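What follows is a short report on a single structure.
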Amino acid sequence: MTVVALVAFAGNSLLARTALRDTPIDAMTFTSIRLVSGALILAAIAARMRRSPLAEGNWPSALALFAYAVFFSFAYTAMAAGTGALILFAAVQATMIGWGLSQGERFRPIQSAGLVLAAGGLITLMAPGITAPALIPSLAMSAAGIAWGVYSLRGRRAGHPIVATAGNFLRTVPLSLVGSAVLIAHARPDPAGVGWAIASGAVASGLGYAIWYAALPGLTATFAATVQLGVPVIAALGAVLLLGESLSLRLAVAASAVLGGIAIVILSRRRPPPLTPPRDPR
Numbered sequence: 059m060t061v062v063a064l065v066a067f068a069g070n071s072l073l074a075r076t077a078l079r080d081t082p083i084d085a086m087t088f089t090s091i092r093l094v095s096g097a098l099i100l101a102a103i104a105a106r107m108r109r110s111p112l113a114e115g116n117w118p119s120a121l122a123l124f125a126y127a128v129f130f131s132f133a134y135t136a137m138a139a140g141t142g143a144l145i146l147f148a149a150v151q152a153t154m155i156g157w158g159l160s161q162g163e164r165f166r167p168i169q170s171a172g173l174v175l176a177a178g179g180l181i182t183l184m185a186p187g188i189t190a191p192a193l194i195p196s197l198a199m200s201a202a203g204i205a206w207g208v209y210s211l212r213g214r215r216a217g218h219p220i221v222a223t224a225g226n227f228l229r230t231v232p233l234s235l236v237g238s239a240v241l242i243a244h245a246r247p248d249p250a251g252v253g254w255a256i257a258s259g260a261v262a263s264g265l266g267y268a269i270w271y272a273a274l275p276g277l278t279a280t281f282a283a284t285v286q287l288g289v290p291v292i293a294a295l296g297a298v299l300l301l302g303e304s305l306s307l308r309l310a311v312a313a314s315a316v317l318g319g320i321a322i323v324i325l326s327r328r329r330p331p332p333l334t335p336p337r338d339p340r
C-alpha cells in the first residue's frame, strides 16, 4: 500500500504536466476539476465509513489545500514534472522543518549539515543557466509547497485523517467555483484535459490519500517520513519514461543533494529517551 500511495502522489505531477502541456485545458479549470473529483471520491469513502465528511476539517486547512492546488497547476504550465516535484517536496520539507525550529526544536550538527546540503542542492537547481527552471513557475511551485507544508502541519491536529481530508476537499469546492468564475474568460475545458484532471483528483489524490492513511498504521513515523523522499524520484523517472523529459545532470545532482540532505535531517532526529522505571525505595 505504501508503494502504491507513493506512485499515486508522484502521479499527480505527471498527470498535471501531461494535461497542461499536451492539452488546451487551462490551469484553473484543471484545479477545479481535480479538487471536485477528489472531494467526491473522499466523501464516498467517508460515507462508507459511516462518517460525515463535513464533521471534520476546517476552513483554514481548506484554504491551504486550495492554495497548494492552484499554485501547483499554474507552475506546471511551464515546468518539467521531475523538476516541479523536487521543488515542491523541498518547499514542503523546508516549511515543516522551519516550523519545528521556530517552536524550539534544535538541530544537531549532522542535521545542520544535512540542511546545508539540501539548501545547496536547491540553489544548484535554481541558479541561472541553460537548464535552470523558469523563475515564475519555480516561485509558484515553491508557494504550492509552502501551502502544502502548512496543510500538513495543521493536519497533525486533525481527528480521523481520511474524514478530515474529505471535509477539507469538500470545502475547496466553493473556492474552486469562485476561482473558475473569476477566470471564466480563460477557461478551456478540453475533454482530454478534463479526463486527466479527474484522474488526478479521484485516483492520484483521493484514492492515493486513502491508501496512504491505510498504510500509515504499519509504518513508524521516521520510516513514513523517509519513504516520501521517493516521490520526487518516482516523478522524475516517470517523466523520463512516460513524458519524454530529459534527466539533466543539474537535476540529478540537485535531487541527490536535496533528498540526501533531508534524509540526514529526518534520520538524525533525537529520539525520546526510554522511560526509566522508578527505583525501589528499599
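All you need for this note's numbering is the position in the sequence shown, starting with 1, plus 58. Here a beta-carbon is modelled for each residue, glycine too, at the ideal position from N, C-alpha and C. Predicted model only: the values in this text are computed from it and were never measured.
Whole angstroms is fine: what's the gap from residue i's alpha carbon to residue j's?
i, j, result
"ARG254", "GLY266", "Checking the sequence, you will find Trp at residue 254 rather than Arg. Going by the C-alpha atoms only, they are around 15 Å apart."
"ARG252", "VAL311", "Note on residue identity: the sequence assigns Val, not Arg, to residue 252. Roughly 35 Å between the two C-alpha positions."
"LEU64", "ALA245", "31 Å"
"GLY296", "ALA139", "9 Å"
"LEU317", "VAL61", "18 Å"
"THR278", "GLN286", "13 Å"
"LEU146", "PRO232", "25 Å"
"PRO191", "GLY302", "17 Å"
"VAL236", "ASN116", "18 Å"
"SER196", "ALA143", "11 Å"
"GLY158", "ALA152", "10 Å"
"ILE103", "THR135", "31 Å"
"GLY156", "GLU163", "9 Å"
"MET107", "ILE269", "14 Å"
"ALA257", "ALA313", "27 Å"
"VAL289", "ALA273", "16 Å"
"ASN70", "GLY259", "8 Å"
"ILE343", "SER95", "Coverage of the chain is limited to positions 59 through 340, which leaves residue 343 absent and any answer about it impossible."
"GLN161", "ALA198", "27 Å"
"ARG109", "ARG214", "19 Å"
"ALA243", "MET184", "33 Å"
"PRO275", "ARG308", "37 Å"
"ARG79", "SER304", "15 Å"
What does a CB cutoff of less than 6 Å around residue i pick up in its chain, not counting 5 residues either side in sequence?
i, result
"THR334", "A caution first: THR334 carries a pLDDT of 42, below 50, which makes its placement in the model too unreliable to give a value."
"LEU241", "MET86"
"ASP248", "THR81, PRO82, ILE83"
"PHE88", "ALA77, SER131, ALA255"
"ALA201", "PHE129"
"ALA283", "ILE324"
"VAL150", "GLY203, TRP206, GLY207"
"THR230", "LEU93, ALA120, LEU123, PHE124"
"SER234", "SER90, LEU93"
"ILE322", "GLY172"
"ILE194", "none"
"ALA148", "LEU180, VAL316"
Closer than 8 Å by C-beta to residue i: which residues in its own chain qualify, once you throw out the five before and the five after it? Chain order, please.
i, result
"ALA105", "PRO111"
"SER170", "none"
"SER326", "ARG166, ILE168, GLN169, GLY172"
"MET154", "GLY207, SER210, LEU211"
"LEU72", "ALA139, ALA293, GLY296, ALA297, LEU300, LEU301"
"ARG75", "TYR134, MET137, ALA138, ALA139, GLY142, ALA297, LEU301"
"PRO42", "Within the shown structure, residues of the chain are numbered from 59 to 340, placing residue 42 beyond reach of any answer."
Is residue i helix, strand or coil when you go by DSSP?
i, result
"THR278", "coil"
"HIS244", "helix"
"PHE129", "helix"
"LEU173", "helix"
"ASP80", "helix"
"LEU159", "helix"
"GLN286", "coil"
"ALA315", "helix"
"ALA201", "helix"
"ALA192", "coil"
"PRO339", "Residue confidence for PRO339 is low, a pLDDT of 41 falling below 50, so the modelled location carries little weight and cannot support an answer."
"THR135", "coil"
"MET154", "helix"
"SER306", "coil"
"LEU301", "coil"
"MET59", "coil"
"ALA185", "coil"
"ARG109", "coil"
"SER326", "coil"
"ASN116", "coil"
"ARG166", "coil"
I'd like the list of long-range same chain contacts for residue i, defined as Cβ closer than 7 Å, with 5 residues on each side in sequence excluded.
i, result
"ALA315", "LEU175, ALA176, GLY178, GLY179, THR182"
"ILE292", "LEU64, VAL65, ALA68"
"TYR271", "PRO219, ILE220"
"ALA250", "THR81"
"LEU228", "ALA97, ALA101, PRO111, LEU112"
"TYR126", "ALA202, ALA205, TRP206, TYR209"
"SER238", "MET86, THR87, SER90, ALA245"
"MET59", "ILE269, ALA272, ALA273"
**Q.** the segment 83-101 / the segment 257-266 touching (three or more Cβ pairs under 8 Å)
**A.** Flag = yes, the segment 83-101 and the segment 257-266 touch.
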